[in-house]
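In what follows, a single structure is set out as C-alpha coordinates and then discussed.
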Amino acid sequence: MIPFIDLQAQRQRLGGKIEAAVQEAVVGGAWVMGPQVRQFEADLAAFGQAKHALGCGNGTDALILPLIAWGVRTGDAVFCPSFTFTATAEVVPWLGASPVFVDVDAHTYNMDPAKLEAAIEAVKAEGRLTPRVVIAVDLFGQPADYPAIRAICDRHGLKLISDSAQGFGCTLNGDHPLKWADVTTTSFFPAKPLGCYGDGGAVLTDDDDLAQEMDSLRVHGKVVAKDLEAGAAAFAHDPKYLAMRIGMNSRLDTIQAAILIEKLKVFGQEIEWRNRIAARYNERLAPHVSAVPHVIDGGVSIWAQYTIEHEDRDGLAAHLKDQGVPTAVYYPVPMHMQPAYQRFPQGAGGLPVTERLRNRVLSLPMHADLDEATQDKVVAAVASYKG
(Lines of atoms letter the chains of each structure in order from A and count residues from 1; the text may use other names and numbers.)
(Lines give C-alpha, C1' and ligand atoms only; values in the text may rest on other atoms or scores of the structure.)
Protein backbone atom coordinates (compact mmCIF):
# COMPACT_ATOMS: atom_id res chain seq x y z
CA MET A 1 0.00 0.00 0.00
CA ILE A 2 1.39 3.39 -1.01
CA PRO A 3 1.39 5.78 1.99
CA PHE A 4 -0.84 8.84 1.68
CA ILE A 5 1.67 10.88 3.72
CA ASP A 6 4.99 9.23 4.57
CA LEU A 7 6.10 10.76 7.87
CA GLN A 8 8.69 8.08 8.54
CA ALA A 9 10.56 8.88 5.32
CA GLN A 10 11.26 12.40 6.57
CA ARG A 11 12.34 11.14 9.98
CA GLN A 12 14.79 8.74 8.41
CA ARG A 13 16.09 11.40 6.03
CA LEU A 14 16.88 13.74 8.91
CA GLY A 15 19.22 11.06 10.21
CA GLY A 16 18.69 11.13 13.96
CA LYS A 17 18.64 14.92 14.35
CA ILE A 18 15.10 14.88 15.70
CA GLU A 19 15.85 12.07 18.17
CA ALA A 20 18.89 14.00 19.40
CA ALA A 21 16.82 17.19 19.77
CA VAL A 22 14.17 15.32 21.75
CA GLN A 23 16.81 13.80 24.01
CA GLU A 24 18.37 17.21 24.65
CA ALA A 25 14.96 18.62 25.59
CA VAL A 26 14.25 15.70 27.93
CA VAL A 27 17.61 15.96 29.64
CA GLY A 28 17.24 19.74 29.91
CA GLY A 29 14.16 19.24 32.08
CA ALA A 30 12.29 22.44 31.06
CA TRP A 31 9.41 20.49 29.56
CA VAL A 32 6.87 23.33 29.45
CA MET A 33 7.78 26.66 27.77
CA GLY A 34 11.46 25.72 27.82
CA PRO A 35 14.26 27.39 25.82
CA GLN A 36 13.44 25.37 22.70
CA VAL A 37 10.03 27.05 22.60
CA ARG A 38 11.60 30.50 22.61
CA GLN A 39 14.09 29.48 19.92
CA PHE A 40 11.42 27.97 17.73
CA GLU A 41 9.19 31.05 18.08
CA ALA A 42 12.09 33.25 16.94
CA ASP A 43 12.90 30.92 14.03
CA LEU A 44 9.24 30.71 13.01
CA ALA A 45 8.80 34.47 13.07
CA ALA A 46 11.85 34.92 10.87
CA PHE A 47 10.63 32.31 8.39
CA GLY A 48 7.11 33.76 8.27
CA GLN A 49 8.23 37.40 7.93
CA ALA A 50 6.63 38.32 11.27
CA LYS A 51 7.68 40.38 14.27
CA HIS A 52 6.13 37.91 16.70
CA ALA A 53 5.34 34.19 16.76
CA LEU A 54 3.66 32.59 19.75
CA GLY A 55 3.44 28.84 20.13
CA CYS A 56 0.25 27.35 21.52
CA GLY A 57 -1.40 24.00 22.13
CA ASN A 58 -2.88 23.43 18.68
CA GLY A 59 -4.16 25.13 15.55
CA THR A 60 -7.66 25.58 16.96
CA ASP A 61 -6.35 27.50 19.97
CA ALA A 62 -4.36 29.62 17.55
CA LEU A 63 -7.63 30.75 15.96
CA ILE A 64 -9.43 31.54 19.21
CA LEU A 65 -6.60 33.60 20.75
CA PRO A 66 -6.93 36.65 18.46
CA LEU A 67 -10.73 36.49 18.58
CA ILE A 68 -10.63 36.69 22.37
CA ALA A 69 -8.05 39.47 22.25
CA TRP A 70 -10.25 41.49 19.86
CA GLY A 71 -13.26 41.12 22.13
CA VAL A 72 -15.44 39.16 19.68
CA ARG A 73 -18.72 38.41 21.42
CA THR A 74 -22.44 37.67 21.07
CA GLY A 75 -23.96 39.50 18.13
CA ASP A 76 -20.73 39.65 16.13
CA ALA A 77 -20.29 38.08 12.68
CA VAL A 78 -17.13 36.27 11.60
CA PHE A 79 -16.95 35.46 7.88
CA CYS A 80 -15.27 32.22 6.81
CA PRO A 81 -15.50 29.62 4.07
CA SER A 82 -17.69 26.56 4.46
CA PHE A 83 -15.26 24.46 2.41
CA THR A 84 -12.78 23.94 5.26
CA PHE A 85 -12.15 21.87 8.36
CA THR A 86 -14.46 22.30 11.35
CA ALA A 87 -11.89 24.20 13.43
CA THR A 88 -12.13 27.33 11.27
CA ALA A 89 -15.74 28.01 12.24
CA GLU A 90 -15.82 26.04 15.49
CA VAL A 91 -14.14 28.72 17.57
CA VAL A 92 -16.64 31.44 16.67
CA PRO A 93 -19.70 30.12 18.58
CA TRP A 94 -17.47 29.56 21.62
CA LEU A 95 -17.62 33.34 22.06
CA GLY A 96 -21.33 33.61 21.29
CA ALA A 97 -20.60 35.06 17.87
CA SER A 98 -21.92 33.75 14.56
CA PRO A 99 -19.94 32.35 11.64
CA VAL A 100 -21.22 33.52 8.26
CA PHE A 101 -20.33 31.03 5.55
CA VAL A 102 -18.91 32.34 2.27
CA ASP A 103 -18.55 30.49 -1.02
CA VAL A 104 -15.17 29.75 -2.60
CA ASP A 105 -13.54 30.33 -5.95
CA ALA A 106 -14.13 27.41 -8.33
CA HIS A 107 -10.46 27.18 -9.30
CA THR A 108 -8.42 27.86 -6.15
CA TYR A 109 -11.02 26.58 -3.62
CA ASN A 110 -10.24 29.58 -1.42
CA MET A 111 -12.64 32.32 -0.32
CA ASP A 112 -14.19 34.21 -3.24
CA PRO A 113 -13.65 37.95 -2.55
CA ALA A 114 -16.78 38.97 -4.46
CA LYS A 115 -18.88 36.54 -2.43
CA LEU A 116 -17.27 37.83 0.76
CA GLU A 117 -18.22 41.43 0.02
CA ALA A 118 -21.77 40.40 -0.84
CA ALA A 119 -22.02 38.48 2.44
CA ILE A 120 -20.80 41.47 4.45
CA GLU A 121 -23.24 43.81 2.73
CA ALA A 122 -26.11 41.38 3.37
CA VAL A 123 -25.28 41.12 7.08
CA LYS A 124 -25.09 44.89 7.37
CA ALA A 125 -28.40 45.31 5.57
CA GLU A 126 -30.14 42.82 7.85
CA GLY A 127 -28.76 44.56 10.93
CA ARG A 128 -28.94 41.56 13.26
CA LEU A 129 -25.18 40.92 13.45
CA THR A 130 -22.16 43.23 13.55
CA PRO A 131 -19.39 42.31 11.07
CA ARG A 132 -16.09 42.02 12.95
CA VAL A 133 -13.62 39.52 11.46
CA VAL A 134 -12.82 37.61 8.28
CA ILE A 135 -11.04 34.25 8.48
CA ALA A 136 -9.51 33.38 5.10
CA VAL A 137 -8.26 29.80 4.77
CA ASP A 138 -5.15 28.82 2.79
CA LEU A 139 -6.82 25.61 1.66
CA PHE A 140 -4.69 22.66 0.55
CA GLY A 141 -1.57 24.82 0.95
CA GLN A 142 -2.03 27.83 -1.30
CA PRO A 143 -2.66 31.46 -0.31
CA ALA A 144 -6.06 33.06 -0.53
CA ASP A 145 -6.50 36.24 -2.59
CA TYR A 146 -5.20 38.44 0.20
CA PRO A 147 -4.86 41.76 -1.64
CA ALA A 148 -8.55 41.64 -2.59
CA ILE A 149 -9.70 40.35 0.81
CA ARG A 150 -7.62 42.95 2.69
CA ALA A 151 -9.13 45.74 0.60
CA ILE A 152 -12.63 44.50 1.49
CA CYS A 153 -11.72 44.29 5.18
CA ASP A 154 -10.39 47.83 5.10
CA ARG A 155 -13.56 49.15 3.43
CA HIS A 156 -15.70 47.59 6.14
CA GLY A 157 -13.38 48.02 9.13
CA LEU A 158 -12.84 44.28 9.73
CA LYS A 159 -9.93 42.32 11.17
CA LEU A 160 -8.38 39.60 8.99
CA ILE A 161 -7.05 36.21 10.08
CA SER A 162 -5.07 34.04 7.70
CA ASP A 163 -5.91 30.46 8.71
CA SER A 164 -2.72 28.83 7.46
CA ALA A 165 -3.20 25.50 9.23
CA GLN A 166 -2.71 23.86 5.83
CA GLY A 167 -0.73 26.63 4.22
CA PHE A 168 2.00 27.98 6.50
CA GLY A 169 4.94 28.73 4.23
CA CYS A 170 2.84 29.66 1.21
CA THR A 171 3.53 33.01 -0.44
CA LEU A 172 1.86 35.44 -2.82
CA ASN A 173 4.18 37.50 -5.00
CA GLY A 174 6.98 36.57 -2.61
CA ASP A 175 5.18 37.67 0.56
CA HIS A 176 3.67 35.58 3.33
CA PRO A 177 -0.04 36.11 4.12
CA LEU A 178 0.85 38.22 7.16
CA LYS A 179 1.67 41.09 4.78
CA TRP A 180 -2.10 41.50 4.47
CA ALA A 181 -3.54 39.72 7.51
CA ASP A 182 -3.62 41.03 11.07
CA VAL A 183 -2.79 37.53 12.26
CA THR A 184 -1.63 34.28 10.70
CA THR A 185 -2.46 31.06 12.51
CA THR A 186 -1.10 27.59 11.88
CA SER A 187 -1.19 24.01 13.10
CA PHE A 188 1.65 21.57 13.69
CA PHE A 189 -0.55 18.47 13.61
CA PRO A 190 1.71 15.61 12.42
CA ALA A 191 0.15 15.39 8.93
CA LYS A 192 0.84 19.07 8.17
CA PRO A 193 3.82 19.91 5.94
CA LEU A 194 5.43 21.44 9.04
CA GLY A 195 4.20 18.99 11.65
CA CYS A 196 5.43 17.82 15.03
CA TYR A 197 5.08 14.44 16.74
CA GLY A 198 2.01 15.36 18.73
CA ASP A 199 -0.06 18.52 18.60
CA GLY A 200 0.82 22.18 18.49
CA GLY A 201 0.04 25.49 16.86
CA ALA A 202 1.19 29.08 16.56
CA VAL A 203 -0.01 32.62 15.99
CA LEU A 204 2.06 35.17 14.06
CA THR A 205 1.52 38.93 14.09
CA ASP A 206 3.30 42.25 13.59
CA ASP A 207 1.15 43.94 16.23
CA ASP A 208 3.20 44.41 19.43
CA ASP A 209 0.19 45.02 21.67
CA LEU A 210 -1.78 42.09 20.24
CA ALA A 211 1.22 39.79 20.69
CA GLN A 212 1.37 40.64 24.41
CA GLU A 213 -2.39 40.21 24.77
CA MET A 214 -2.28 36.74 23.22
CA ASP A 215 0.81 35.81 25.23
CA SER A 216 -1.16 36.62 28.35
CA LEU A 217 -4.25 34.76 27.18
CA ARG A 218 -2.39 31.56 26.34
CA VAL A 219 -1.08 31.33 29.92
CA HIS A 220 -4.15 31.88 32.11
CA GLY A 221 -4.30 35.64 31.53
CA LYS A 222 -0.90 36.24 33.13
CA VAL A 223 0.50 39.70 33.72
CA VAL A 224 2.63 40.97 30.82
CA ALA A 225 4.85 44.00 30.26
CA LYS A 226 2.10 46.25 28.96
CA ASP A 227 0.10 45.67 32.14
CA LEU A 228 2.98 46.91 34.27
CA GLU A 229 3.49 49.89 31.97
CA ALA A 230 -0.20 50.73 32.35
CA GLY A 231 0.18 51.04 36.09
CA ALA A 232 -0.36 47.53 37.43
CA ALA A 233 1.59 46.91 40.61
CA ALA A 234 5.04 45.42 40.15
CA PHE A 235 4.85 41.66 40.59
CA ALA A 236 7.96 39.85 41.73
CA HIS A 237 6.55 36.34 41.38
CA ASP A 238 5.75 34.04 38.46
CA PRO A 239 3.61 36.13 36.03
CA LYS A 240 0.99 33.38 35.77
CA TYR A 241 0.04 33.97 39.41
CA LEU A 242 -1.40 37.41 38.60
CA ALA A 243 -4.31 37.14 36.16
CA MET A 244 -5.05 40.39 34.32
CA ARG A 245 -7.65 38.86 32.00
CA ILE A 246 -9.64 35.64 31.63
CA GLY A 247 -7.21 33.34 29.85
CA MET A 248 -6.70 29.73 28.89
CA ASN A 249 -4.01 27.07 29.05
CA SER A 250 -2.46 26.68 25.60
CA ARG A 251 1.29 26.27 25.54
CA LEU A 252 3.49 24.62 22.94
CA ASP A 253 5.26 21.61 24.43
CA THR A 254 9.06 21.96 24.70
CA ILE A 255 9.71 18.56 23.11
CA GLN A 256 7.47 19.44 20.16
CA ALA A 257 9.32 22.74 19.77
CA ALA A 258 12.63 20.85 19.67
CA ILE A 259 11.27 18.65 16.88
CA LEU A 260 9.96 21.65 14.97
CA ILE A 261 13.29 23.48 15.16
CA GLU A 262 14.87 20.66 13.16
CA LYS A 263 11.96 20.37 10.73
CA LEU A 264 11.90 24.11 10.06
CA LYS A 265 15.55 23.98 8.98
CA VAL A 266 14.62 21.84 5.95
CA PHE A 267 11.12 23.21 5.40
CA GLY A 268 12.08 25.64 2.62
CA GLN A 269 13.73 22.85 0.65
CA GLU A 270 10.77 20.57 1.22
CA ILE A 271 8.42 23.23 -0.19
CA GLU A 272 10.53 23.22 -3.36
CA TRP A 273 10.30 19.43 -3.56
CA ARG A 274 6.54 19.52 -3.07
CA ASN A 275 6.17 22.02 -5.89
CA ARG A 276 8.26 19.85 -8.20
CA ILE A 277 6.10 16.83 -7.35
CA ALA A 278 2.88 18.81 -7.88
CA ALA A 279 4.05 20.11 -11.26
CA ARG A 280 4.86 16.57 -12.34
CA TYR A 281 1.45 15.37 -11.17
CA ASN A 282 -0.27 18.18 -13.08
CA GLU A 283 1.51 17.36 -16.32
CA ARG A 284 0.77 13.64 -16.17
CA LEU A 285 -2.74 13.71 -14.71
CA ALA A 286 -4.30 16.51 -16.77
CA PRO A 287 -5.52 14.19 -19.57
CA HIS A 288 -7.17 11.80 -17.12
CA VAL A 289 -9.15 13.98 -14.69
CA SER A 290 -11.66 16.82 -14.88
CA ALA A 291 -9.26 19.31 -13.30
CA VAL A 292 -5.81 19.40 -11.77
CA PRO A 293 -5.04 21.98 -9.06
CA HIS A 294 -4.88 25.64 -10.05
CA VAL A 295 -2.67 27.98 -8.02
CA ILE A 296 -3.49 31.68 -7.80
CA ASP A 297 -1.36 33.93 -10.02
CA GLY A 298 1.85 34.80 -8.17
CA GLY A 299 1.18 32.17 -5.53
CA VAL A 300 3.44 29.43 -4.22
CA SER A 301 1.59 26.56 -2.57
CA ILE A 302 3.13 24.24 0.01
CA TRP A 303 0.86 21.44 -1.24
CA ALA A 304 -0.51 20.17 2.04
CA GLN A 305 -2.79 18.17 -0.24
CA TYR A 306 -2.75 17.46 -3.95
CA THR A 307 -6.41 17.58 -4.96
CA ILE A 308 -7.95 16.75 -8.32
CA GLU A 309 -11.52 16.90 -9.59
CA HIS A 310 -13.28 13.98 -11.26
CA GLU A 311 -16.82 13.49 -12.55
CA ASP A 312 -17.02 10.07 -10.89
CA ARG A 313 -15.02 10.85 -7.76
CA ASP A 314 -16.32 7.97 -5.66
CA GLY A 315 -15.85 5.44 -8.45
CA LEU A 316 -12.27 6.61 -8.96
CA ALA A 317 -11.57 6.44 -5.23
CA ALA A 318 -12.81 2.85 -5.07
CA HIS A 319 -10.72 1.92 -8.10
CA LEU A 320 -7.59 3.48 -6.60
CA LYS A 321 -8.15 1.64 -3.33
CA ASP A 322 -8.21 -1.64 -5.26
CA GLN A 323 -4.94 -0.58 -6.88
CA GLY A 324 -3.27 0.08 -3.50
CA VAL A 325 -3.44 3.88 -3.83
CA PRO A 326 -4.92 5.69 -0.81
CA THR A 327 -7.02 8.80 -1.26
CA ALA A 328 -8.87 11.30 0.93
CA VAL A 329 -11.93 13.47 0.43
CA TYR A 330 -11.75 17.02 1.81
CA TYR A 331 -14.55 17.94 2.62
CA PRO A 332 -17.51 15.62 1.91
CA VAL A 333 -19.85 17.62 4.17
CA PRO A 334 -19.13 21.37 4.05
CA MET A 335 -19.54 23.32 7.26
CA HIS A 336 -22.90 24.89 6.39
CA MET A 337 -24.40 21.42 5.77
CA GLN A 338 -23.23 19.85 9.04
CA PRO A 339 -25.84 19.37 11.78
CA ALA A 340 -24.11 21.61 14.28
CA TYR A 341 -23.76 24.53 11.84
CA GLN A 342 -26.91 24.51 9.73
CA ARG A 343 -28.42 27.26 11.87
CA PHE A 344 -25.76 29.80 10.95
CA PRO A 345 -26.15 32.22 8.02
CA GLN A 346 -24.74 31.83 4.53
CA GLY A 347 -23.60 34.46 2.11
CA ALA A 348 -26.06 35.91 -0.38
CA GLY A 349 -26.90 33.44 -3.13
CA GLY A 350 -25.93 30.38 -1.14
CA LEU A 351 -22.76 28.34 -1.67
CA PRO A 352 -23.15 26.61 -5.06
CA VAL A 353 -19.43 26.19 -5.75
CA THR A 354 -18.82 24.61 -2.35
CA GLU A 355 -21.75 22.23 -2.83
CA ARG A 356 -20.47 21.25 -6.27
CA LEU A 357 -16.89 20.63 -5.12
CA ARG A 358 -17.93 18.35 -2.25
CA ASN A 359 -18.82 15.66 -4.79
CA ARG A 360 -15.87 16.15 -7.13
CA VAL A 361 -12.63 16.61 -5.20
CA LEU A 362 -10.19 13.80 -4.38
CA SER A 363 -6.76 14.12 -2.80
CA LEU A 364 -3.90 11.87 -3.86
CA PRO A 365 -0.69 10.88 -2.04
CA MET A 366 1.53 13.94 -1.49
CA HIS A 367 4.59 14.50 0.67
CA ALA A 368 8.09 15.87 0.19
CA ASP A 369 9.64 12.40 -0.10
CA LEU A 370 7.30 11.08 -2.80
CA ASP A 371 9.64 9.52 -5.38
CA GLU A 372 8.95 9.48 -9.11
CA ALA A 373 8.47 5.72 -9.32
CA THR A 374 5.72 5.81 -6.69
CA GLN A 375 4.20 8.87 -8.27
CA ASP A 376 4.10 7.10 -11.63
CA LYS A 377 2.18 4.22 -10.01
CA VAL A 378 -0.40 6.70 -8.74
CA VAL A 379 -0.73 8.32 -12.15
CA ALA A 380 -1.01 4.94 -13.89
CA ALA A 381 -3.73 3.89 -11.48
CA VAL A 382 -5.72 7.05 -12.15
CA ALA A 383 -5.25 6.71 -15.92
CA SER A 384 -6.45 3.10 -15.85
CA TYR A 385 -9.90 4.03 -14.51
CA LYS A 386 -12.50 3.72 -17.25
CA GLY A 387 -15.65 4.25 -15.20
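To convert a position in the sequence shown, counted from 1, into this note's numbering, add 1. Every residue, glycine too, gets a C-beta built ideally from N, C-alpha and C.
- Distance between ALA305 and ALA237, taken at the CA atoms: about 45 angstroms.
- Judged by DSSP in its simplified three-state form, ALA319 adopts helix.
- Excluding residues up to 5 positions away in sequence, THR328, ALA382 lie with their Cβ nearer than 6 angstroms to the Cβ of LEU321 in the same chain.
- CA-to-CA, the gap between GLY248 and LEU161 works out to about 22 angstroms.
- Distance from the CA of GLU312 to the CA of ARG359, rounded to the nearest whole angstrom, comes to 11 angstroms.
- Relative to the Cα of ALA145, the nearest Cα in the group PRO132, VAL204, TYR110, ARG156 belongs to TYR110.
- Taking the Cβ atoms as the reference, VAL138 lies roughly 17 angstroms from ALA78, outside the contact range of under 8 angstroms.
- Fewer than three pairs of CB atoms, one per stretch, sit closer than 8 angstroms, so the stretch 270 to 282 makes no contact with the stretch 82 to 96.
- Sequence-distant Cβ neighbours of VAL23 in its own chain, meaning closer than 7 angstroms and more than five residues away, are ILE256, ALA259, ILE260.
- The alpha-carbon separation between SER163 and ILE3 amounts to approximately 33 angstroms.
- Contact between ILE69 and LEU173 does not hold, since the beta-carbon distance rounds to 28 angstroms and is not under 8 angstroms.
- Beyond the five residues adjoining it in sequence on each side, MET215 comes within less than 7 angstroms, by CB distance, of LEU55, LEU66, PRO67, ALA70, VAL204 in the same chain, given in chain order.
- A direct Cα-to-Cα measurement between ILE6 and SER302 gives close to 17 angstroms.
- Restricting attention to LYS18, ILE309, ALA21, the CA atom closest to the CA of HIS289 is found in ILE309.
- Distance check between LEU253 and each of ASP209, THR187, VAL330, ILE153 places THR187 closest, using alpha-carbon atoms only.
- For the beta strand (DSSP E) assignment, the uninterrupted runs of no fewer than 3 residues enclosed by the stretch 139 to 181 are, from N- to C-terminal side, 160 to 164.
- Going by beta carbons, SER83 and LEU352 fall inside the 7 angstroms limit.
- Assignment of ALA43 by DSSP, reduced to helix, strand and coil, places it in the helix class.
- Look at ARG219 here: in three-state DSSP terms it is helix.
- Residue state for GLU356 is assigned as helix, using DSSP reduced to three classes.
- A straight line joining the alpha-carbon of VAL184 with that of GLN50 spans about 12 angstroms.
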